[in-house]
Amino acid sequence: VLKTDSVKMFFFPFVGGGHQIPMIDAARVFASHGAKSTILATPSNALHFQNSITRDQQTGLPVAIHTFSADIPDTDMSAVGPFIDSSALLEPLRQLLLRHPPDCIVVDMFHRWAPDIVDELGIARIVFTGHGCFPRCVTENIINHVTLENLSSDLEPFVVPNLPHHIEMTRSQVPIFLRSPSPFPDRMRQLEEKSFGIVTNSFYDLEPDYADYLKKGTKAWIIGPVSLCNRTAEDKTERGKTPTIDEQKCLNWLNSKKPNSVLYVSFGSLARLPSEQLKEIAYGLEASEQSFIWVVRNIHNNPSENKENGSGNFLPEGFEQRMKEKDKGLVLRGWAPQLLILEHVAIKGFMTHCGWNSTLESVCAGVPMITWPLSAEQFSNEKLITDVLKIGVQVGSREWWSWNSEWKDLVGREKVESAVRKLMVESEEAEEMTTRAKEIADKARRAVEKGGTSYADAEALIQELIARRLARQD
Ligand code: UDP
2 VLKTDSVKMF
12 FFPFVGGGHQ
22 IPMIDAARVF
32 ASHGAKSTIL
42 ATPSNALHFQ
52 NSITRDQQTG
62 LPVAIHTFSA
72 DIPDTDMSAV
82 GPFIDSSALL
92 EPLRQLLLRH
102 PPDCIVVDMF
112 HRWAPDIVDE
122 LGIARIVFTG
132 HGCFPRCVTE
142 NIINHVTLEN
152 LSSDLEPFVV
162 PNLPHHIEMT
172 RSQVPIFLRS
182 PSPFPDRMRQ
192 LEEKSFGIVT
202 NSFYDLEPDY
212 ADYLKKGTKA
222 WIIGPVSLCN
232 RTAEDKTERG
242 KTPTIDEQKC
252 LNWLNSKKPN
262 SVLYVSFGSL
272 ARLPSEQLKE
282 IAYGLEASEQ
292 SFIWVVRNIH
302 NNPSENKENG
312 SGNFLPEGFE
322 QRMKEKDKGL
332 VLRGWAPQLL
342 ILEHVAIKGF
352 MTHCGWNSTL
362 ESVCAGVPMI
372 TWPLSAEQFS
382 NEKLITDVLK
392 IGVQVGSREW
402 WSWNSEWKDL
412 VGREKVESAV
422 RKLMVESEEA
432 EEMTTRAKEI
442 ADKARRAVEK
452 GGTSYADAEA
462 LIQELIARRL
472 ARQD
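When we follow UniProt numbering, the leftmost residue of the sequence shown carries the number 2, and every step to the right adds one.
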């Protein structure tokens, strides 16, 4: 009989914040269950999480980084889209797997080429999905039961069939690959069908109906929220990427605020909003008279100028100065220590683009949201937050933001102000959302503790890998 600590798991994340960060946390979660976890990375990318892994190793956690000899540029995903060509790593990966075959390799769903070699070598391949169960259920029901071409316009609402909740969407809110012919869904399905199973960063009690749906059709282990493996302030600060924003400055500012009084505004690692939109946000925030901490990223026509630390002024004339004088708002440019901010007692709400990690992190912190989806499965996440969990207020964004095309659907300052007031100004409705958010946060914590569903799923996967190895030895 093999012991848990004999199980070797490789993790091959996709380069880029929202995909990479949770997979590194997942590697650490499995290590905390005793598996020997190794994260595969390019040399330049490894720099982003080297320190946190070193800290883990110092506490005896069996987690390591394997860096390839080949490198690919540590690309700014916003400039190139998610499908960067990383095939230079193909041969180094094959060699590594031949020399040190692991029990499994967990590969991000976006990897185009890695799955083929893993399957060729007969190694158990596990797909890391990067999002929750709900959007999958929504997408599959749209594919199978809705004829999007029959809708009269992009903005005509339709009810997503076969769901236990009443969920309305429009064509402009569904993923682009559903709106025009695309090989993407088929390719994804094939990759999953040939895999050992899928690992999802969610927890059962967050979306039980949808978790059941996922598990009915697929072998899946739901092991999150993985961000909860970050327990120390250092880990929460330097998570996946080294913050370029002075965390002490954020915390000092937040410390000076009353509990439950500040709105945190951030749109994730990729989205850069155009100046016109940033201005509407600024005016809306100012008119709401609420305190806020806002991570600003702006889009230029030239993607190479999309530097995180861009210090250009895209905000209304005098806005920052006024906010400073009134001590109402802190504007940040750079990579923020999001977990620390969300967990601060001064934070009452989060205006978010509904990226899955941000959504889960807000849930774990017990912070209700103002939902402002921009692309991908974020519109589905919005419905989960507002219509299913009822812990959010929609700002009213209606259409996909796209990498390079013109911004079509500005959200005006009145909508921003109104959503902010709805969440931040005391009212029965706001109070109820906060109470519900805190209850769900408790469930999240219980899920990853011994006896919790996510804890059990992580153990179950390790046991299945042991069984697989034993079966192959026979
Ligand atoms: N993040 C952060 N600081 C930032 C921006 C993002 O720590 O300034 C982290 C955030 O905590 C989350 C991830 O980056 O873990 C963003 O993932 P999400 O799925 O929310 O959105 P994406 O960036 O993929 O659009």
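Glycine included, each C-beta is placed from N, C-alpha and C at the ideal position.
Let me know if residue 46 comes out buried or exposed under the rule of 16 or more other beta-carbons within 10 Å of its beta-carbon.
The residue is buried, with at least 16 neighbouring Cβ atoms inside 10 Å.
I need the DSSP call for residue 483, collapsed to helix, strand or coil.
What the structure shows of the chain is the stretch from 2 to 475, and residue 483 is not part of that stretch, so it cannot be assessed.
On the criterion of 16 or more Cβ atoms from any shown chain inside 10 Å, does residue 462 qualify as buried, or is it exposed?
Label assigned to residue 462: buried.
Tell me whether residue 193 is buried or exposed, calling it buried when 16 or more other Cβ atoms sit within 10 Å of its Cβ.
With 16 or more Cβ atoms within 10 Å of its Cβ, residue 193 is classed as buried.
To the nearest angstrom, report how far apart residue 15 and residue 112 are at their CA atoms.
Going from the Cα of residue 15 to the Cα of residue 112 covers about 7 Å.
When we look at the beta-carbon of residue 279 and count the other beta-carbons within 10 Å, is it buried (16 or more) or exposed?
Residue 279 comes out buried.
Suppose only complete runs of 4+ residues qualify. What are the alpha helix (DSSP H) ranges in the segment 212-259, listed by chain order?
You should have 234-238 and 248-256.
Leaving aside the five residues before and after residue 244 along the sequence, list all residues of the same chain whose C-beta is less than 8 Å from its C-beta, in chain order.
The residues are 238, 335, 336, 337 and 338.
Identify, in the order they occur along the chain, each residue of the same chain with its Cβ nearer than 8 Å to the Cβ of residue 416, setting aside the five sequence neighbours on each side.
So the list reads 285, 396 and 397, once near-sequence residues are dropped.
State buried or exposed for residue 383, treating a residue as buried only when at least 16 other CB atoms are found within 10 Å of its CB.
By the neighbour-count rule (16 or more Cβ atoms within 10 Å), residue 383 is buried.
At what residues does the alpha helix (DSSP H) containing residue 482 begin and finish?
Past the boundaries of the shown model lies residue 482; the chain is included only from 2 to 475, so the question cannot be answered.
Given residue 56, which residues of its chain have a CB within under 8 Å of its CB, disregarding the five upstream and five downstream residues?
Excluding positions up to five away in sequence, the list reads 233, 235 and 236.
Could you check what DSSP says for residue 82 in three-state terms: helix, strand or coil?
Since pLDDT at residue 82 reaches only 40, below the 50 mark, its modelled position is unreliable, and the value read off the structure follows with that caveat. Coil.
Could you check where the beta strand (DSSP E) with residue 198 kicks off and where it finishes?
Taken as a continuous stretch (DSSP letters only), the beta strand (DSSP E) holding residue 198 covers 198-201.
What is the rounded straight-line gap between the Cα of residue 28 and the Cα of residue 12?
Each residue's Cα considered, the two are about 7 Å apart.
When you compare only the Cα positions, how much space is there between residue 282 and residue 19?
Looking at the two C-alpha atoms, the distance is approximately 23 Å.
Which one or two residues does DSSP pair with residue 65 in a beta bridge?
Looking at the DSSP assignment, residue 65 forms a beta bridge with 39.
Mind checking which residues open and close the beta strand (DSSP E) that includes residue 488?
Nothing about residue 488 can be read from this structure; the chain reaches only from 2 to 475.
Looking only at C-alpha atoms, which of 104, 355, 215 and 374 sits nearest to residue 410?
Out of 104, 355, 215 and 374, 374 has the C-alpha closest to the C-alpha of residue 410.
Report yes if the CB atom of residue 293 is closer than 7 Å to the CB atom of residue 255, and no otherwise.
Contact: no.
Give the range of the beta strand (DSSP E) segment to which residue 207 is assigned.
Where residue 207 is concerned, there is no enclosing beta strand (DSSP E), given that its DSSP letter is neither H nor E.
At a cut-off of 6 Å, is residue 191 close to the ligand UDP when judged by its beta-carbon and the heavy atoms of the ligand?
The answer is no for residue 191.
Please classify residue 49 as buried or exposed, where buried requires at least 16 other C-beta atoms within 10 Å of its C-beta.
So residue 49 counts as buried.
DSSP three-state call for residue 396: helix, strand or coil?
Three-state DSSP puts residue 396 in coil, outside helix and strand.
Once DSSP output is grouped into helix, strand and coil, what is the label at residue 9?
It is a strand residue.
In chain order, what residues of the same chain have a beta carbon less than 7 Å from the beta carbon of residue 7, not counting five sequence neighbours either side?
No residues qualify anywhere along the chain.
Around the C-beta of residue 161, are 16 or more other C-beta atoms found within 10 angstroms, so that it is buried, or is it exposed?
It counts as buried.
Can you list the beta strand (DSSP E) stretches of 3 or more residues lying completely in the segment 96-151, in chain order?
As far as the segment 96-151 is concerned, its whole beta strand (DSSP E) runs of at least 3 residues are 105-109 and 125-129.
Alpha helix (DSSP H) containing residue 384: first to last residue?
Element bounds for residue 384: 379-384.
What number of angstroms, rounded off, separates the C-alpha of residue 105 from the C-alpha of residue 153?
Residue 105 and residue 153: Cα-Cα distance of roughly 47 Å.
For residue 476, which residues from the same chain have a beta carbon less than 7 Å from its beta carbon, with the 5 sequence-adjacent residues on both sides left out?
Only positions 2 to 475 of the chain appear in the structure, and residue 476 is not among them; the question remains open.
May I ask you to check if the CB of residue 336 is nearer than 6 Å to at least one heavy atom of the ligand UDP?
Yes - the ligand UDP has a heavy atom lying nearer than 6 Å to the Cβ of residue 336.
From residue 333 to residue 116, what distance separates their C-alpha atoms?
In a straight line, the C-alpha of residue 333 is about 39 Å away from that of residue 116.
Taking the alpha helix (DSSP H) that residue 439 belongs to, which residues open and close that run?
It spans 429-449 - the alpha helix (DSSP H) in which residue 439 sits, taken as one unbroken run.
Rounded to whole angstroms, what is the Cα-Cα separation between residue 218 and residue 287?
Whole-angstrom Cα-Cα distance: 48 Å.
Could you tell me the distance, in whole angstroms, from the CA atom of residue 84 to the CA atom of residue 22?
With a pLDDT of only 48 at residue 84, under 50, the local geometry of the prediction cannot be trusted, and no value is derived from it.
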